Amino acid sequence: MSNRHGYRGYVTNRSFGGLQMPVPVQALVMRDYCQRNGLTYKLHINENIFPHSYIVLEGLPDELNIYEGILATSMFMMPARAERRRRIYQRILEAEGSLHFVLEDLVIRTEADIEPVEEILMVTQLLGESPSPDQAGAAA
């Protein structure tokens, strides 16, 4: 029998996916998600506010000997670089944990669960880099 119990929350004060969500609201959203899905919510941990800092997130897989998985408010909280995200996913899966993206209602439990998440993140990233219709019309 496993001694692991509950899901550790991961929150940030930084904006993500075009949202700026206060940490207490992120915690409420996580509690609601856990209640709806029959999961036990454990206290969240806050990422450092420094841009491109993911020290806290990168340390969370080390806690999966205590917790069953990790809750993130959104997939858009993940690092911008795909290889950095994939290292995090891999460490979670190696620890036999799961990563739940609460707002998107997506879960990474297996290797196969990674690709749909990565596709959404890559398309969103590409759309952010593409010119707007106004910019495209001005170039024509």
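If you count by my numbering, then the sequence shown holds residues 33 to 172, one letter each, in order. Just so it is clear, CB atoms sit at the ideal spot from N, CA and C, and this is done for glycine as well. Just so it is clear, the structure is predicted and the values come from calculations on it, not from any experiment.
(1) Taking the C-alpha atoms as reference points, what is the distance between N35 and I98?
(2) Among G38, L125, M109, whose alpha-carbon lies nearest the alpha-carbon of L135?
(3) With three or more beta-carbon pairs closer than 8 Å as the criterion, would you say the segment 84-98 touches the segment 52-72?
(4) When you compare only the Cα positions, how much space is there between E115 and T44?
(5) Just how far apart, CA to CA, sit G70 and D145?
(6) Could you tell me which residues DSSP pairs with F133 in its beta bridges?
(7) Check whether the segment 138-155 touches the segment 100-109, taking contact to mean three or more Cβ pairs, one atom from each stretch, closer than 8 Å.
(8) How about E100 and Y42: do their beta carbons lie closer than 8 Å?
(9) Rounded to whole angstroms, what's the CA-CA distance from I120 to E90? Just pull it up for me.
(10) Using the beta-carbon count (16 or more within 10 Å), is I140 buried or exposed?
(11) Output the distance between the C-alpha atoms of R123 and L158, rounded to the nearest integer angstrom.
(12) Leaving aside the five residues before and after V88 along the sequence, list all residues of the same chain whose C-beta is less than 8 Å from its C-beta, in chain order.
Let me lay it out:
(1) Computed Cα separation, rounded: 7 Å.
(2) Ranking G38, L125, M109 by Cα distance to L135 puts M109 first.
(3) With a cut-off of 8 Å, the segment 52-72 and the segment 84-98 do not count as touching, because too few Cβ pairs lie within range.
(4) If I take the Cα positions, the gap works out to 21 Å.
(5) Looking at the two C-alpha atoms, the distance is approximately 20 Å.
(6) F133 pairs with A104, L138.
(7) Contact holds: three or more Cβ-Cβ distances are below 8 Å.
(8) For E100 and Y42, no; Cβs fall outside 8 Å.
(9) Whole-angstrom Cα-Cα distance: 6 Å.
(10) Flag for I140 reads buried.
(11) Each residue's alpha carbon lies about 26 Å from the other.
(12) If the five residues before and after V88 are omitted, its C-beta is found closer than 8 Å to the C-beta atoms of Y42, I77, N78, E79, N80, all from its own chain and listed in chain order.
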